[in-house]
Amino acid sequence: MATANTSAVLNIPDNSGVAETGAIRIPASARSLDGFVAWALSDEFPRQGRISFLGGEIVVDMAAEEIQSHSKLKQRIGTAVDTFVTAGELGEVLPDGTLFRNEEADVSHEPDLMVCRFESLEAGMIRYAERNPGTGRELIVEGSPDLVVEIVSNSSVRKDTRDLRHRYFAAGVREYWIVDARGMIMTFHLLVRGDVDWLESIPDGEDFRRSAVLDRRVRIDRGTNRIGTVKYDVLIRE
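Written out as structure tokens, the structure reads:
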């Protein structure tokens with residue numbers, strides 16, 4: 001059962017009508033990727049928390065989003081990346097709440113942020129799909145986003161640093177940022193795609209990391225504002 005500060009992994013047996021965790025009822029049809037996506041786009045899908053499909057496992061995370069180490073950081077990264085991508089006419093930035101699906105990696109999840117370069121969309125490497133063809137309502141990102149960002153929380157450590165790291169590589173994602181601001185020292189792992197696994201972008205003398213997708217150096221700083229709460233700055237430089 002999921003609690004306020006943990007996540008639950010559910011394996012639904014073949015003969016089960018539903019699986020339950022807390023107040024969430026998960027239909028047996030959600031055992032497959034197609035079934036999970038259909039459920040995720042239905043009116044019955046819970047709107048609180050975050051529920052992911054990872055290789056046949058359904059991971060339920062009902063933890064509230066921590067303001068200082070998660071919400072503010074996610075907003076700041078999203079604003080900086082969107083401003084840069086939009087100004088350079090590089091592509092489109094999709095925020096938290098956008099459903100991602102990839103059949104090869106057997107994954108469906110809502111990342112904290114995705115970047116889809118125009119050339120990848122034009123080449124068909126990324127597609128915006130409709131739940132019902134012909135409706136004009138694009139609800140799913142399919143294929144291989146160029147960049148995915150995840151902010152680590154207490155309930156998502158394994159998912160962000162291990163499970164999704166593996167699934168995103170299998171999905172053909174070009175670059176994966178993992179940012180963890182929970183502790184005294186904030187960590188920022190900028191992973192670029194190698195031949196068989198992710199390669200870590202090594203920080204330079206100014207603590208910038210090279211992003212291949214943005215073709216820029218990136219640094220994330222943390223400090224305090226005038227009332228003593230945390231503030232973040234995302235620097236994108238040549």
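Take the sequence shown: its position 150, counting from 1, is numbered 150 in my numbering, and each next residue is one higher. Heads up, the beta-carbon is just placed ideally off N, CA and C, and yes, glycines get one too.
State the DSSP-derived secondary structure class of T21, mapped to helix, strand or coil. Its pLDDT being 49, under 50, T21 is placed unreliably by the model, and nothing is read from it.
What residues are listed by DSSP as bridge partners for F53? Beta-bridge pairing links F53 to I58, S108.
At a cut of 8 Å, does the region 127 to 140 reach the region 158 to 165 through at least three beta carbon pairs? With the cut-off at 8 Å, the region 127 to 140 and the region 158 to 165 do not touch.
Can you check which of these residues, W198, E238, V230, is closest to R210 by C-alpha distance? Comparing Cα positions, the closest option is E238.
Can you grab the Cα-Cα spacing for the pair D43 / Q68, in whole Å? Pairing D43 with Q68, the inter-Cα distance amounts to about 31 Å.
Same chain, Cβ closer than 6 Å to A129, five either side skipped, listed in chain order: Excluding positions up to five away in sequence, the list reads I140, E142.
M239: buried (16+ other C-beta within 10 angstroms of its C-beta) or exposed? Residue numbering for the chain in the displayed model covers 1 to 238; residue 239 lies beyond these limits and cannot be assessed.
Around the Cβ of T251, are there at least 16 other Cβ atoms within 10 angstroms (buried) or fewer (exposed)? Nothing can be reported for residue 251: it is not among the residues displayed for the chain, which extend from 1 to 238.
K231 versus R222: straight-line alpha-carbon distance, rounded: Cα-Cα distance, rounded: 6 Å.
Endpoints, the beta strand (DSSP E) within which I126 is located: Following the DSSP letters along the chain, one finds I126 inside the beta strand (DSSP E) bounded by residues 126 to 130.
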